[in-house]
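Shown next, in structure tokens, is the structure this report addresses.
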Amino acid sequence: MPVRTLKKFLDENGVKYVSISHSCAYTAQEIAASSHVSGKEFAKTVMIMVDGVMAMAVLTASCRIDVIRLSEELDGAAVILADELAFKDSFSDCELGAMPPFGPLYGMTVYADRMLADDDEIAFNAGSHAEIIRMSYNDFSRLARPQILNFGVACH
């Protein structure tokens, strides 16, 4: 079960969280709606390459990533969206596209959009397309150790 690794990690670090099962959904907005979580509080993980190194960009479901802005925030680093083939083997305990935003579990850097910090809680995929985890943003920040930047663009 994909969520086992994540829950063990959270439990070992004394995190209080809620696990929410929902009908199978694939887009961040669909998942937020089916689990009754605001798109602003639901965090999606977008896999990127920064100067050729795999990393996670985490932003609200209601936004899209602006790779040009992220590159500028990273002092001109080359930033591109990662191809699924490039990262699928990095997440053997997760369904493809349902990775939780905890780069340290996978040896990756995490970049989080500043808008995520506006809420007290964060919800995200738990490694499957039918379960999410909801927890405090502060605990997420403590464990994921994201670099906070401005790279999300609101979708209309």
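Numbers in our numbering are just positions in the sequence shown, counted from 1, shifted up by 408.
Glycine is no exception: its CB is placed at the ideal position from the N, C-alpha and C atoms.
- Scanning Glu480, Phe532, His537 and Asp528 for the CA closest to the CA of Val466 turns up Phe532.
- The criterion of a C-beta distance shorter than 8 Å is not satisfied by Glu529 and Ser429.
- Taking a cut-off of 8 Å on C-beta distances, the stretch 498-513 touches the stretch 449-467, as three or more cross pairs fall below it.
- For Glu492, the closest of Ile456, Gly422, Asn546 and Lys424 by C-alpha to C-alpha distance is Ile456.
- Taking C-beta atoms under 8 Å as the contact rule, Phe548 and Asp521 fail to qualify, at a distance of about 13 Å.
- Sequence-distant partners of Ala485 (beyond 5 residues in either direction) whose C-beta falls short of 8 Å from its own C-beta, in its chain, are Val458, Asp459 and Ser479.
- Just so you know, the alpha carbons of Leu482 and Lys415 end up roughly 31 Å apart.
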